[in-house]
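Asks: Chains as they are written, first to last, in this note's numbering: chain A, 2 to 219; chain S, 2 to 219; chain F, 2 to 219.
Supplied in structure tokens, the structure appears directly below.
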Amino acid sequence: MPENLSMGAVSQTQKLAGTTVFAISGAAIGVKYRLDVFGVCVLAFVAGNAGGMLRDVMLGATPPAALSGWQHITVSLVAALLTFLWHPRLERLRTPILLFDAAGLGLFAVSGTEKALAFGLDPLVAAILGMVTGIGGGMLRDLLVNEIPTVLHGALYAVAALAGAAVVVAGHVLDLPPTVPTMIGGAVLCFSIRLVSIRRGWSLPTADRIERHLPKQR
Amino acid sequence: MPENLSMGAVSQTQKLAGTTVFAISGAAIGVKYRLDVFGVCVLAFVAGNAGGMLRDVMLGATPPAALSGWQHITVSLVAALLTFLWHPRLERLRTPILLFDAAGLGLFAVSGTEKALAFGLDPLVAAILGMVTGIGGGMLRDLLVNEIPTVLHGALYAVAALAGAAVVVAGHVLDLPPTVPTMIGGAVLCFSIRLVSIRRGWSLPTADRIERHLPKQR
Amino acid sequence: MPENLSMGAVSQTQKLAGTTVFAISGAAIGVKYRLDVFGVCVLAFVAGNAGGMLRDVMLGATPPAALSGWQHITVSLVAALLTFLWHPRLERLRTPILLFDAAGLGLFAVSGTEKALAFGLDPLVAAILGMVTGIGGGMLRDLLVNEIPTVLHGALYAVAALAGAAVVVAGHVLDLPPTVPTMIGGAVLCFSIRLVSIRRGWSLPTADRIERHLPKQR
């Protein structure tokens, strides 16, 4: 089926694009922490691929997609080396990188959910695994440089991923016809939440902030 | 077999109870580190489930039990949200939480060992995997907030888990009849060691403490 | 085939030797961070085995070799306990330990690559997994005591592993006859690079060091 074939090619290209943007974010953090060129490559690969690899290990889909060919590694290394050499210019690229990162997040969340559903997982679990596909790489990237993962205490990053995943799950539960429209819808929703939350500086509440609005407990 | 069925239901209930207590410990640490509500949920899920997930990935039992239905995630999230909202009252619940945590540890260690034996692993390895089921969630919980896992430098936590696991392994090696009595025995032993060691403030030696009792080496 | 049998026995002995040396490095770091005796054992096991376990989980080869018998755990624990008791004397053993560590690295990199190729992975991916076999244990060891993994910012450790892995991959791609000569060649190359780089104090560049040699970017 040529349509499926071209869909597959588009999807593969999109995933490699997502990997690239995430890899740049990993490499930039590696440079910031003064890792050597090898360390920068590791952080780039981890940021770009660890989320999907974690999902695949959980699904028992081994070897993970990121290791089933040379493409993901190569793309990550190229992104790492370019970032390593050109990082002072990355500052100027901040806005496009944020845009691409939001797009990558939507794409990863949606395709991860889709894959988990295809493996027969419960819809709630599939949405969580979709979110993990989107945020897992960044979490491990932060752990490797000894930071508490930013996704645990900042902004609506994970919520955006979860919203995108929820759209795919909803389409699946409602038995909507093929996946492309719901996948696009989910990715766009994730992308939009992310951008709006960056613009408006939205963040999730912490427990101490909530407390101030509550009557004293003791 | 109705007896097995009810055993299965009891065991499932117990596991979810163990997950709940561990999830509360994770959420409490998330609150302490001022994570946002999403971060608190992640720490709760990790603390309640990562040990068993690590065991299942090692066994090749994918998807891990914690992801094979909506129950573990739901229970973890409810525990997280309640802790998030009510955490000032948790202080008063310290003793019951310590008790439940000790019970959860015994249960996880024993059921993890049982599962590893059922997968045909060597008895020594099965005991280790049982212990990992009990302590793995807490270790990853601590790593996520940039702490050296407390289990590596405090108290007899892991030893209690290992003792419980050893009872199950002994029953298996001695070919004792079905597993229920040895499992209960192992869980009770783990629970008891844990409680006594908390009461008496027992801890394992560190190398520098041992040195003081040795003749000078140089 | 007796020849294969004895090769297998030699290879198993070598792997346990590699595990031992890496376990000593893990235990020594555990002692340095004042972990208790259990924590020292965990660090020893992790340093000696986590690289190969990560590789095996990625390959879907579960349970990982380190858990498919009592040997790896036992060897790691013995190394941990001896280090725990005798660590002041380890200082005097620094040179032999560095030598053994370099040998272990070469051995792990080469055997990990070989295993990944046997599972049909792409040559580039196989080399990466070989390297991961060599460096993964040390990375997790460092993370457990809250350090940025030394391999990310120091010396030519990973590069040596990768060079050894590359020899095995080259032999495979060129369809050279059986694996023993290329494996020995790869291990020797890794060992040599490691020793020379220690002697000469070689290290990989970081981005800020490169910048100084570039014209100002802004």
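Yeah, the Cβ is synthetic: ideal placement off N, Cα and C, and Gly gets one too.
1. Does DSSP put residue 102/S in a helix, in a strand, or in coil?
2. Rounding to the nearest angstrom, what Cα-Cα distance links residue 30/S and residue 41/S in this structure?
3. Measuring alpha carbon to alpha carbon, tell me which residue in 159/A, 100/A, 137/A is nearest residue 22/A.
4. If we ignore side chains and look at the alpha-carbon of each, how far apart do residue 184/F and residue 113/F end up?
5. Out of curiosity, what's the CA-to-CA distance linking residue 24/A and residue 166/A?
6. Which residue wins for smallest C-alpha separation from residue 138/F, given the options 45/F, 26/F, 65/F, 51/F?
7. Output needed for residue 105/S: all residues of its chain with C-beta closer than 6 Å, excluding positions within five of it in sequence on either side, in chain order.
8. Who pairs with residue 183/F in a beta bridge, going by DSSP?
9. Looking at C-alpha atoms only, which residue of 170/A, 81/A, 147/A is the closest neighbour of residue 37/A?
10. Considering only residues of the region 123-150 of chain S, which uninterrupted alpha helix (DSSP H) runs meet the minimum length of 4 residues and lie entirely inside it, listed in chain order?
11. Suppose contacts are defined by Cβ-Cβ distances below 9 Å. Is residue 60/S in contact with residue 122/S by that definition?
12. Any C-beta of chain A within less than 8 Å: which residues of the region 32-55 of chain S qualify?
13. Taking the C-alpha atoms as reference points, what is the distance between residue 1/A and residue 201/A?
14. Taking only the alpha-carbon atoms, compute the straight-line gap between residue 173/S and residue 128/A and give it to the nearest angstrom.
15. Could you list the residues in the region 69-86 of chain A with a C-beta less than 8 Å from some C-beta on chain F, going in chain order?
16. On the DSSP letters alone, give me the boundaries of the alpha helix (DSSP H) that residue 75/F sits inside.
17. Along the region 145-156 of chain A, where does the CB come closer than 7 Å to a CB of chain F? Name the residues.
18. Can you name the residues that DSSP bridges to residue 207/A?
19. In chain S, what lies closer than 8 Å to residue 60/A by C-beta?
20. Mind checking whether residue 190/F and residue 107/F have CB atoms under 9 Å apart?
21. With three or more beta-carbon pairs closer than 8 Å as the criterion, would you say the region 140-156 of chain A touches the region 87-101 of chain S?
22. I'd like to check one pair, residue 149/A with residue 145/S: are the Cβ atoms closer than 9 Å?
23. Count the other CB atoms, across all protein chains shown, that sit within 10 Å of the CB of residue 84/F; report buried if there are 16 or more and exposed otherwise.
24. Alpha carbon to alpha carbon, how far is residue 171/F from residue 111/F?
25. What does the alpha-carbon distance come out to for the pair residue 2/F and residue 125/S?
26. By the criterion of Cβ-Cβ separation under 7 Å, what are the contact partners of residue 129/F in chain A?
27. Given a limit of 8 Å on CB to CB distance, which residues of the region 199-210 of chain F reach chain A?
28. So which residues of chain A does residue 88/S contact, with C-beta pairs closer than 7 Å?
29. Answer yes or no: does any C-beta atom of chain S fall closer than 9 Å to that of residue 109/A?
30. If you compare alpha carbons, which of 197/S, 28/S, 199/S is closest to residue 86/S?
31. Determine the extent of the alpha helix (DSSP H) in which residue 165/S is found, giving its start and end residues.
32. So which residues on chain A does residue 159/F lean against when the C-beta distance must stay under 7 Å?
33. Give the secondary structure of residue 226/F by DSSP, where H, G and I count as helix, E and B as strand, and everything else as coil.
34. Residue 14/A: buried (16+ other C-beta within 10 angstroms of its C-beta) or exposed?
35. Counting contacts by CB-CB distance shorter than 9 Å, is residue 170/A in contact with chain S?
36. Can you say whether residue 207/S is buried or exposed, counting buried as having 16 or more other CB atoms within 10 angstroms of its CB?
Replies: So, from the data block:
1. helix
2. 8 Å
3. That would be 100/A, whose Cα lies nearest to the Cα of residue 22/A.
4. 10 Å
5. 22 Å
6. It is 51/F.
7. Contacts found: 19, 22, 23.
8. Looking at the DSSP assignment, residue 183/F forms no beta bridge with any residue, so it has no partner.
9. 81/A
10. 124-145
11. yes
12. 32, 34, 35, 36, 37, 38, 39, 40, 41, 43, 44, 54
13. Because chain A in this structure spans residues 2 to 219, residue 1/A falls outside the shown range and cannot be described.
14. When rounded, the separation of the alpha-carbon atoms in residue 173/S and residue 128/A is 39 Å.
15. 69, 70, 71, 74, 75, 85, 86
16. 72-91
17. 145, 146, 147
18. 37/S
19. 63, 64
20. yes
21. no
22. Taking C-beta atoms as the reference points, residue 145/S and residue 149/A count as a pair closer than 9 Å.
23. buried
24. 12 Å
25. A caution first: residue 2/F carries a pLDDT of 35, below 50, which makes its placement in the model unreliable, though a value can still be read off. In a straight line, the C-alpha of residue 2/F is about 31 Å away from that of residue 125/S.
26. 74
27. 204, 205, 206, 207, 208, 209
28. 208
29. no
30. 28/S
31. 158-174
32. 39
33. What is shown of chain F runs 2 to 219, which leaves residue 226/F out entirely.
34. exposed
35. no
36. buried
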